[in-house]
Amino acid sequence: MVGSSSFDVIFCTVRAQSRRTRARVPGYHGRQAAKCQPGTPAVGSTLGLRIHDYLYFQVLSPGDIRYIFTATPAKDFGGIFHTRYEQIHLVPAEPPEACGELSNGFFIQDQIALVERGGCSFLSKTRVVQEHGGRAVIISDNAVDNDSFYVEMIQDSTQRTADIPALFLLGRDGYMIRRSLEQHGLPWAIISIPVNVTSIPTFELLQPPWTFW
């Protein structure tokens, strides 16, 4: 099994005219900050998105993290969202890295799994969630202080496939979602995904306050 760190390409976010843009950081092998040049995201059409674009989801419950979160779809594996889920469970996987059998797999069936990076490839995690009947997987960085670097999730060397959507989430965002659920004693969050932010006038006001913008 191939570890995810071998396939990671990092994107950084910068503030540019009140909107988030990305830049590729070649040769990145650690978690130190890197200097970035502004990049131009691609323009998508499938529910407003395709690979290399940002995809947005909103936490509806718990209320203390009722924010719109930003994720990036996997580059060359996984499916796309053909429909919007107005209310669906976001279930933290147990164990968090989801490299094998899940002890709470029953609750992930027909829902979306929140998984942590590490231990195995992004594709392996996606396949585990798919095998447990999940509709999609959101993989958060295992660096909980990461509030700006996006990882480009790509196929591993096994030639396997996955059909469900796979998204990458900043480590800080994943940590804050899990922490809120633990504080409230909840087994899952309720989210809406994907969200069309162009129709939300107050979009920027709904961003997590800990995220760099």
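If you read the sequence shown in our numbering, its first letter stands for residue 40, the second for the next number, and so on. Virtual Cβ for every residue (Gly too), placed ideally from N, Cα, C. Quantities reported herein were computed from a predicted structural model and do not represent experimental measurements.
**Request:** Run the CB neighbour count on threonine 165, radius 10 Å, all protein chains shown included, and call it buried at 16 or more, exposed below.
**Result:** Along the sequence shown, one-based indexing puts residue 165 at 126. Its Cβ being crowded by 16 or more others within 10 Å, threonine 165 is buried.
**Asked** Which partner residues does threonine 109 have in the DSSP bridge list?
**Response** In the sequence shown, residue 109 corresponds to position 70, counting from 1. For threonine 109, which the question treats as bridged, DSSP gives the partners Tyr95.
**Message:** Let's test the definition: count the other Cβ atoms within 10 Å of the Cβ of serine 238 and tell me whether it reaches 16, buried, or not, exposed.
**Reply:** Taking the first residue of the sequence shown as 1, we reach residue 238 at position 199. Under this definition serine 238 is an exposed residue.
**Prompt:** What residue range is occupied by the uninterrupted beta strand (DSSP E) comprising leucine 245?
**Reply:** Along the sequence shown, read from residue 1 onward, the residue named residue 245 stands at position 206. Unbroken run through leucine 245: none, as it is neither H nor E.
**Message:** Helix, strand or coil, according to DSSP, for serine 160 in the structure here?
**Reply:** On the sequence shown, position 121 is the one that residue 160 refers to. DSSP places serine 160 in coil when its eight states are reduced to three.
**Asked** What span of residues does the alpha helix (DSSP H) with histidine 223 cover, start to end?
**Response** Translated into the one-based positions of the sequence shown, residue 223 becomes position 184. That run of the alpha helix (DSSP H) goes 210–223.
**Request:** Would you list the one or two residues that DSSP bridges to isoleucine 178?
**Result:** For the purposes of this step, residue 178 is taken as residue 139 along the sequence shown, with counting starting at 1. Per DSSP, Val154 and Phe207.
**Request:** Sort out for me which residues DSSP pairs histidine 128 with in a bridge.
**Result:** Position 89 of the sequence shown holds residue 128. Histidine 128 pairs with Ile229.
**Prompt:** Who are the near neighbours of alanine 113 in its chain, counting only those whose CB is closer than 6 Å to its CB and skipping five residues on each side?
**Reply:** Along the sequence shown, read from residue 1 onward, the residue named residue 113 stands at position 74. These residues qualify, in order along the chain: Met192 and Ala205.
**Prompt:** Do you know how far the Cα of aspartate 92 is from the Cα of valine 234?
**Reply:** As a position in the sequence shown, residue 234 is number 195, starting the count at 1. As a position in the sequence shown, residue 92 is number 53, starting the count at 1. Whole-angstrom Cα-Cα distance: 13 Å.
**Item:** Three-state secondary structure assigned by DSSP to phenylalanine 188
**Value:** Against the sequence shown, residue 188 aligns to sequence position 149. In the structure shown, phenylalanine 188 sits in a strand (DSSP, three-state: E or B).
**Message:** With the cut-off set at 8 Å, would you say tyrosine 124 and threonine 109 are in Cβ contact?
**Reply:** As a first step, residue 124 is located in the sequence shown; it is residue number 85 there, counting from the start. As a first step, residue 109 is located in the sequence shown; it is residue number 70 there, counting from the start. Result no, Cβ atoms of tyrosine 124 and threonine 109 do not sit closer than 8 Å.
**Request:** Look at the alpha carbon of leucine 245 and the alpha carbon of serine 179, and state the distance between them as a whole number of angstroms.
**Result:** Indexing the sequence shown from 1 puts residue 245 at position 206. Indexing the sequence shown from 1 puts residue 179 at position 140. Taking the straight line from one Cα to the other gives about 20 Å.
**Item:** Beta-carbon contacts of histidine 223 that lie in its chain and below 7 Å, excluding the five residues immediately before and after
**Value:** One-based indexing of the sequence shown puts residue 223 at position 184. Excluding positions up to five away in sequence, the list reads Pro101.
**Helix, strand or coil at proline 77 [DSSP, three-state]** = Residue mapping note: residue 77 aligns to position 38 of the sequence shown, counting from 1. Annotation note: pLDDT 32 at proline 77 (below 50); position unreliable, no value reported.
**Item:** Cut-off 6 Å between Cβ atoms - residues of its own chain near valine 176, not counting five sequence neighbours on either side
**Value:** Along the sequence shown, read from residue 1 onward, the residue named residue 176 stands at position 137. The answer, listed in chain order, is Ala152, Val154, Thr165, Val168 and Ala205.
**Prompt:** For glutamine 198, does the count of other Cβ atoms within 10 angstroms reach 16, so buried, or fall short, so exposed?
**Reply:** Within the sequence shown, numbered from 1, the residue matching residue 198 stands at position 159. Counting Cβ neighbours within 10 Å, glutamine 198 comes out exposed, since fewer than 16 surround it.
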